[in-house]
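A.B. asks: Pasting in a structure now, in structure tokens, and then I'll have a few things to ask.
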Amino acid sequence: MMTEEERQKMRQKRQRARKRKRVRKKILLIIAAIIILLAVFIVTVKLVNPDFDIASFLPNGKAQQAVELIDSKLFKKETTSSQAQSTTQKETTTKARDVKKADYDYDDFSVFAFDTSLQGNQVGNLLNKSNGAVTYSSSYIYYSVEGKGIFRFEPNEERNAKIVSGNYNFKYLNVLGDYLYAVDVNSSVLKKFSVSGGDGVNIGDNIAFAYLYNDKIYFIGTDNTVGFINLNDNNKTVLYAAPAGKTVSFAGISLSRVFFVTHDSVANYDEYITVNLNDSNDVLNFRDDTKDNEIVNLSLECGFMYYYRKNDDSSYSLCRQKFGSDNIVTLIEKCSLTDYPVVYANRLYFGELDGSKYKARELNMNSKATKTMLYVSNCDGTGTLAVGYGYQYVFLIGTKSEGGEFACKASCIYTSSSSDNTLSFNGKKLTY
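For the sequence shown, the working numbering assigns the number 22 to the initial residue and increments by one for each residue that follows.
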């Protein structure tokens, strides 16, 4: 039989055990509360931004396991640490690419206050399939025919003159003052000619695109570089070089910056980039990235962006958006073609395929009225046929189909599009 002293010791032992149990219970309750609060915090962050890598801010162990548990149960992500890390890294990279936000999406519109008399050509003329085969000055229209030369057309008397002869393929025509600039696309050489003709002078090599404004020719290089050539001394300045695997297309300029688009054909996404003309380190995005051809063929003319935006049924509509504005205006719904339009004042010229007819159409952007300027028959849209705008005259120039028959026709904007009012190139000149 236990003595009273022994029973007292047993009671004290049970009391200490119960005390330790209560302490452990309190500790467990505190830990549970912390875990619940942590889980609520993680879930809240995940709901706000599912791709936020909160695990990188937590120590290894239970907290990391909690993140993985929430990912697996609530967000259906893989649960092992290596899988979760791989998924997070992959999604973070995609996020940075696909939803990169514009950091130069607004500027005073005065930066686009161009003197249009100092433009060498319309941006749309240079970017579309005609590749700048048509341009104009205050007195003449210039057009280039592969293998024939460069011709000058005088609108008032409708007279033709050949100013450059030879088996060349000159594109990206720009004219300002007494000089005509063109790229021989066979050699990628930019040449300078007198507007009255004669031999040309080489002023730049490895040129894939050229646009003249004032005293500079902005170029895209054959190596996907972006820059300009100063016409006072022909010095060439490279402002940007695209990363490997990306191609560059010109978009436009402001008075202080050049705008262009880089395309990644593997991931199928586009990045919209602008660089300061005076500081090549000042490289910014002027709109959010797009992917899967959501937007195609964007150009910037006098502060307005023109582009084709994909509809839900995968057709495209032609849109206009003022730089710095969120307002998007649909100009043409469900276009049959998505070649770059040509803009002149309040009028826009674009191509339309109607059966086998390729039409040059005019849109009055104020009244929204449209009309056909001229057309070419027996086309299928696979060739190089495109609209070219020369002051008072609209051209259709290029091949009717891939590798097919060449056509060059023009019609005055003040006449009808009947065959009686259409000029055609006969191998030597434009004639009715």
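Yeah, the Cβ is synthetic: ideal placement off N, Cα and C, and Gly gets one too.
(1) Buried or exposed for F344, going by 16 or more other Cβ atoms inside 10 Å?
(2) Might you give, ordered along the chain, the residues of its own chain that have their beta carbon closer than 7 angstroms to the beta carbon of F280, omitting 5 neighbours on each side?
(3) Candidates D124, K331 and S165: which alpha carbon is nearest L417's?
(4) Can the beta-carbon of A215 be found closer than 8 angstroms to that of D226?
(5) Is A231 near T246, with beta carbons less than 8 angstroms apart?
(6) Taking the alpha-carbon of I434 as reference, which of N297, I52 and Y412 has the nearest alpha-carbon?
(7) Do you know how far the Cα of A428 is from the Cα of G187?
(8) Do the segment 140-153 and the segment 393-403 meet, that is, are 3 or more Cβ pairs less than 8 angstroms apart?
(9) Comparing alpha-carbon positions, which option in S398, L384, K392 and Y293 lies nearest L305?
(10) Between the alpha carbons of T20 and T452, how many angstroms are there, rounded?
(11) Check for me: the alpha helix (DSSP H) holding G145 runs from which residue to which?
(12) What is the DSSP secondary structure of L318, counted as helix, strand or coil?
(13) Between D375, R368, V363 and N348, which lies nearest to S357 when the distance is taken from Cα to Cα?
(14) Cα-Cα, which of V155, Y189, S151 and N177 is closest to G168?
(15) If I follow the unbroken beta strand (DSSP E) through I156, where does it start and stop?
(16) The beta strand (DSSP E) that contains L395, what's its start and end?
(17) Only counting the same chain, and skipping five residues up and downstream in sequence, which positions put a Cβ closer than 8 angstroms to that of L395?
(18) Mind checking who A203 pairs with in its DSSP beta bridge?
(19) Take K392 as the anchor and find which of S398, E373, A407 and G409 has the nearest alpha-carbon.
(20) Going by DSSP in three states, F133 sits in which element: helix, strand or coil?
(21) Which same chain residues, not among the five before or five after D199, have their C-beta less than 6 angstroms away from its C-beta?
(22) Less than 8 angstroms separating the beta-carbons of A182 and F172?
(23) Just to confirm, is the Cβ distance from G266 to F130 under 8 angstroms?
(24) Within its chain, find whatever has a CB closer than 7 angstroms to the CB of T359; leave out the 5 residues flanking it on each side and keep chain order.
(25) According to DSSP, which residues form a beta bridge with R180?
(26) Could you tell me the alpha carbon to alpha carbon distance between N332 and N314, rounded to whole angstroms?
(27) By DSSP, does S357 sit in helix, in strand, or in coil?
(28) List the endpoints of the continuous beta strand (DSSP E) containing C429.
(29) Just how far apart, CA to CA, sit N152 and A366?
(30) Taking only three categories from DSSP, how would you classify K122?
(31) Using CA atoms only, rank isn't needed, just tell me which of I52, P264 and I184 is closest to H284.
(32) Within the same chain, show all residues whose beta-carbon is closer than 7 angstroms to that of S398, passing over the 5 residues directly before and after it, in chain order.
(33) With a threshold of 8 angstroms on Cβ separation, who are the neighbours of T420 within its own chain once the five nearest residues in sequence on each side are excluded?
(34) Are N195 and N142 touching if we call contact CB-CB under 8 angstroms?
(35) So the candidates are R278, I55, E354 and S422; which of them puts its Cα closest to the Cα of D126?
(36) Just mark K212 as buried or exposed, buried being the case when its beta carbon has 16 or more other beta carbons within 10 Å.
C.D. replies: According to the structure data:
(1) On the sequence shown, position 323 is the one that residue 344 refers to. With 16 or more Cβ atoms within 10 Å of its Cβ, F344 is classed as buried.
(2) Numbered from its first residue, the sequence shown carries residue 280 at position 259. Contacts found: A272, G273, I274, T295, F307 and L321.
(3) Numbered from its first residue, the sequence shown carries residue 417 at position 396. For the residues D124, K331 and S165, the minimum Cα distance to L417 belongs to S165.
(4) Position 194 of the sequence shown, counted from the start, is the residue given in the question as residue 215. Position 205 of the sequence shown, counted from the start, is the residue given in the question as residue 226. Before going on, a small fix: residue 215 reads as Ser here, not Ala. Not closer than 8 angstroms, so no.
(5) For the purposes of this step, residue 231 is taken as residue 210 along the sequence shown, with counting starting at 1. For the purposes of this step, residue 246 is taken as residue 225 along the sequence shown, with counting starting at 1. Not in contact: A231 and T246 (Cβ atoms no closer than 8 angstroms).
(6) If you number the sequence shown from 1, residue 434 lands on position 413. The shortest Cα separation from I434 among N297, I52 and Y412 belongs to Y412.
(7) For the purposes of this step, residue 187 is identified with residue 166 of the sequence shown, where counting begins at 1. For the purposes of this step, residue 428 is identified with residue 407 of the sequence shown, where counting begins at 1. Taking the straight line joining both Cα atoms gives about 19 angstroms.
(8) no
(9) As a first step, residue 305 is located in the sequence shown; it is residue number 284 there, counting from the start. Taking only the C-alpha atoms, the option nearest L305 is Y293.
(10) In the structure displayed, the chain extends from 22 to 453; residue 20 sits before or after that span and is not available.
(11) Along the sequence shown, one-based indexing puts residue 145 at 124. It spans V144 to L148 - the alpha helix (DSSP H) in which G145 sits, taken as one unbroken run.
(12) As a working note, residue 318 is residue 297 in the sequence shown. This sequence places Asn at residue 318; Leu is not what is there. The answer is strand: DSSP assigns N318 an E or B state.
(13) As a first step, residue 357 must be located in the sequence shown, where it is residue number 336. Considering only alpha carbons, the answer is D375.
(14) Taking the sequence shown and counting its residues from 1, one reaches residue 168 at position 147. It is Y189 whose Cα lies nearest to the Cα of G168.
(15) Along the sequence shown, one-based indexing puts residue 156 at 135. First, the residue type needs correcting, since residue 156 is Thr and not Ile in the sequence shown. Residues V155 to Y157.
(16) To locate residue 395, count along the sequence shown from 1; it is residue 374. Its beta strand (DSSP E) spans residues T391 to V397.
(17) Here residue 395 refers to the residue found at position 374 of the sequence shown. Hits under 8 angstroms: K380, A381, V415, L417, K430, A431, S432, S438 and T443.
(18) Position 182 of the sequence shown holds residue 203. DSSP, once it has assigned bridges, lists K212 as partnering A203.
(19) Indexing the sequence shown from 1 puts residue 392 at position 371. The residue with the shortest Cα to Cα distance from K392 is E373.
(20) In the sequence shown, residue 133 corresponds to position 112, counting from 1. Helix.
(21) Counting from one through the sequence shown, the residue named residue 199 turns up at place 178. Counting only Cβ-Cβ distances below 6 angstroms, and skipping sequence neighbours, we find V216.
(22) Within the sequence shown, residue 182 is the residue found at index 161, counting from 1. Within the sequence shown, residue 172 is the residue found at index 151, counting from 1. Yes, these two residues count as a Cβ contact at 8 angstroms.
(23) As a working note, residue 266 is residue 245 in the sequence shown. As a working note, residue 130 is residue 109 in the sequence shown. Not closer than 8 angstroms, so no.
(24) Position 338 of the sequence shown, counted from the start, is the residue given in the question as residue 359. Excluding sequence neighbours, T359 sits near V317, N318, Y329 and Y337.
(25) By 1-based counting over the sequence shown, the position of residue 180 is 159. E175, per the DSSP bridge assignment.
(26) For the purposes of this step, residue 332 is identified with residue 311 of the sequence shown, where counting begins at 1. For the purposes of this step, residue 314 is identified with residue 293 of the sequence shown, where counting begins at 1. Those two C-alpha atoms are separated by around 11 angstroms.
(27) Within the sequence shown, the letter at position 336 stands for residue 357. In this structure, S357 counts as coil in the three-state DSSP scheme.
(28) Working through the sequence shown from its first residue, we reach residue 429 at position 408. Looking at the DSSP string, the run of the beta strand (DSSP E) that includes C429 is F427 to C433.
(29) Here residue 152 refers to the residue found at position 131 of the sequence shown. Here residue 366 refers to the residue found at position 345 of the sequence shown. The straight-line gap from Cα to Cα measures roughly 21 angstroms.
(30) By 1-based counting over the sequence shown, the position of residue 122 is 101. Looking at K122 - three-state DSSP - the assignment turns out to be coil, as it is neither helix nor strand.
(31) Translated into the one-based positions of the sequence shown, residue 284 becomes position 263. Ranking I52, P264 and I184 by Cα distance to H284 puts P264 first.
(32) Position 377 of the sequence shown, counting from 1, holds the residue named residue 398. For S398, where only same-chain residues beyond five positions count, the Cβ hits under 7 angstroms are S377 and K378.
(33) Here residue 420 corresponds to residue number 399 of the sequence shown, with the count starting at 1. Counting only Cβ-Cβ distances below 8 angstroms, and skipping sequence neighbours, we find G404, T405, L406, E426, F427 and A428.
(34) As a first step, residue 195 must be located in the sequence shown, where it is residue number 174. As a first step, residue 142 must be located in the sequence shown, where it is residue number 121. Yes; because the gap between Cβ atoms is below 8 angstroms, this pair is in contact.
(35) Position 105 of the sequence shown, counted from the first residue, corresponds to residue 126. Out of R278, I55, E354 and S422, R278 has the C-alpha closest to the C-alpha of D126.
(36) In the sequence shown, counting from the first residue as 1, residue 212 sits at position 191. Buried.
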